[in-house]
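Below is one structure; the comments refer to it alone.
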Amino acid sequence: MKPQLQLGHWYLVHDGDGHASIRAYMDGGWYPRDPWPQHVVCEMGRTQHPDNIHIPDDVQASELDRALIEHHYPAASTHPSIAHGIYCMAMRLCLANDKEWDWEKPDANPQDHINYLVIACSVLKSTVGENGVVRDWSDVLATSGPPLAIFQPRKWPTEVILGALQLGDAA
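Note that the sequence shown covers residues 0 to 170 in numbering that gives the first Met the number 0.
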């Protein structure tokens, strides 16, 4: 089954030129409209949901993964938490699309693994710029207050959703 877009839901989109953003799919298309996305990566949710992708806390990036991350987001070389966050986001995006993350398994496509690492780097660039900084959680709360919610990658629906558009029709 093709992925489906549901009105009023949030999606991680990518323009193909290294820019990623989280956009709402509304009646009439994407909001904000410009630039029009070239690729829809996955649905993103801000609430607890059974389709949210969860991974273990103790996942570790390989040397090759870290090198690729640092190539696409050089600030990751200054703090291991940045590289770990990018790695975890990439893994969750890959799993949300029902792809094999472990590129050493026989049915895995290494290019998928690489693509999701690059997309996760572009999410961080689009969100905080080229020079991400690791801040203590108490500092975040003191300066910005508690976040309303944090977007999480979500699996595509496996059943037909009434009123939804198949991805090929809308993206």
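Quick reminder that beta carbons are idealized off the backbone N, C-alpha and C, glycines included.
Cβ neighbour criterion (16 or more within 10 Å) applied to residue 88: buried
Where residue 79 and residue 121 are concerned, what is the direct C-alpha to C-alpha distance, given to the nearest angstrom? 18 Å
If you pair each beta-carbon of the segment 116-133 with each one of the segment 148-159, do three or more pairs fall below 8 Å? no
For residue 62, report the span of its alpha helix (DSSP H) as first-last. 62-71 is the span of the alpha helix (DSSP H), which, as asked, contains residue 62.
Could you give the residue range of the beta strand (DSSP E) that holds residue 152? 151-153
Using the C-alpha atoms, what's the distance from residue 137 back to residue 12? 31 Å
Express the C-alpha separation of residue 132 and residue 84 in angstroms, rounding to a whole number. Using only the alpha carbons, I get a separation of about 12 Å.
At 3 residues or longer, what runs of the beta strand (DSSP E) sit wholly inside the segment 4-76? 8-13, 19-25, 28-30, 38-44
Let me make sure I understand the geometry here. Which of 38, 71, 90, 44 has the alpha-carbon closest to that of residue 57? 90
Taking its Cβ as the centre, do 16 or more other Cβ atoms sit within 10 Å of residue 35, making it buried, or is it exposed? exposed
Coil, strand or helix - residue 116 by DSSP: helix
On the DSSP letters alone, give me the boundaries of the alpha helix (DSSP H) that residue 94 sits inside. 79-95
Alpha carbon to alpha carbon, what distance is there between residue 6 and residue 117? 27 Å
Test item: CB-CB of residue 82 and residue 69 under 8 Å: yes
Tell me whether residue 161 sits in a helix, a strand or coil according to DSSP, three-state version. coil
Kindly list the residues whose CB is nearer than 6 Å to the CB of residue 23, restricted to its own chain and excluding five residues on each side of it in sequence; keep chain order. 9, 30
Could you tell me the distance, in whole angstroms, from the CA atom of residue 25 to the CA atom of residue 51? Residue 25 and residue 51 have their C-alpha atoms spaced approximately 21 Å apart.
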